[in-house]
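Read the structure below first, then the notes.
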Amino acid sequence: MVFDYLFNAFIYSIVNRSLRLKGIVKMKITALICLLFLPNIVFGNDFTAGRDKNSVQAIQSLEAYAKYKMAQYDEAREIWLLLAEKNNSSALINLANLYEQGQGVERDLQQSIVYLRRAAELGDVRGQFQLAMAYEKGLGVDRDLWQAAFWLEKAALQGDETAQFNLGVMLATNYGEGLMTSSKKQRTEAVKWLTKADENDVEDAAEFLTLLSNMMRF
34 MVFDYLFNAF IYSIVNRSLR LKGIVKMKIT ALICLLFLPN IVFGNDFTAG RDKNSVQAIQ
94 SLEAYAKYKM AQYDEAREIW LLLAEKNNSS ALINLANLYE QGQGVERDLQ QSIVYLRRAA
154 ELGDVRGQFQ LAMAYEKGLG VDRDLWQAAF WLEKAALQGD ETAQFNLGVM LATNYGEGLM
214 TSSKKQRTEA VKWLTKADEN DVEDAAEFLT LLSNMMRF
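Taking the working numbering, the leading residue of the sequence shown gets 34, the next gets one more, and so forth.
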């Protein structure tokens, strides 16, 4: 009930502000208000308005996202920094993305990794997957496919279907060395994860499973 009151107060303040604005900015705010009423939204560009159960942090997350959408990156960052001090994983991921994309700050991939790692270590599946991809591509860290697999497995265990597929392919190909070089143990693990990915309707998972299963017959 307290959350509803605070949330409505926040929306009311945005509405009042939007009535005093004109043109594109007003349209952006009005569109944002409509989006905020939809449940469980993860917004574009890997930024998020948050998944916070704490009502105060939820309001702050929404405020920061509103400022981000209006290109007020400095103000959004300040709010996310405050939330990050409270181990808010959504804020940590948003800060990582700011530094990765160079929005309101100088692009700094290493600083992006610092925030991503904190989110991943807090158990955030998004942070785990993004950190895995950074290791796989060598962005902000030395390329390390074993670290990539480590974080992919963390995300896969939490049900992330893309992580399940990527981990399956990585194991099946012996970390990119090729299908013919993978061990029986790797292929068995790969089948497990690719099956989960297929059950979650990941495109290409079924085809890769068939290929791998045919190879395991010999």
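Virtual Cβ for every residue (Gly too), placed ideally from N, Cα, C.
Just to confirm, are A152 and I126 a CB contact at a threshold of 7 angstroms?
-> Contact: yes.
Nearest to S215 by CA position, among L190, A124, I92 and L245, is which residue?
-> Comparing Cα positions, the closest option is L245.
C-alpha gap between A196 and A230, whole angstroms | Roughly 8 angstroms between the two C-alpha positions.
Would you say L185 and N199 are within 7 angstroms of each other, going by their C-beta atoms?
-> Taking 7 angstroms as the cut-off, the beta carbon of L185 is found closer than this to the beta carbon of N199.
What's the gap between the Cα of K225 and the Cα of M103?
-> Rounded to the nearest whole angstrom, the CA to CA distance from K225 to M103 is 44 angstroms.
In chain order, what residues of the same chain lie with their CB nearer than 8 angstroms to the CB of N120, ignoring the 5 residues before and after it?
-> Taken in chain order, the residues that qualify are R151 and L155.
What is the DSSP secondary structure of K119, counted as helix, strand or coil?
-> In this structure, K119 counts as coil in the three-state DSSP scheme.
Report all residues from its chain with a CB closer than 6 angstroms to the CB of K187; omit the five preceding and five following residues, and keep chain order.
-> Correct list, in chain order: Q161.
Whose C-beta lies closer than 7 angstroms to the C-beta of L107 among residues of the same chain, with five residues either side of it excluded?
-> For clarity, residue 107 is Asp in the given sequence; the question names Leu instead. Cβ neighbours of D107 beyond the five flanking positions: G137.
Q219: which of D157, A182 and Q93 sits nearest, CA to CA?
-> Sorting D157, A182 and Q93 by C-alpha distance to the C-alpha of Q219 places A182 at the top.
To the nearest angstrom, report how far apart Q143 and S122 are at their CA atoms.
-> Spanning the two alpha carbons is a distance of roughly 18 angstroms.
Q143, enclosing alpha helix (DSSP H) - first and last residue | Unbroken alpha helix (DSSP H) run through Q143: L142 to E154.
For S246, three-class secondary structure by DSSP | Helix.
Apart from the five residues on each side of it in sequence, which residues of its chain come closer than 6 angstroms, Cβ to Cβ, to L238?
-> Note that residue 238 is Ala in the sequence shown, not Leu. So the list reads F198, L227, A230 and D231, once near-sequence residues are dropped.
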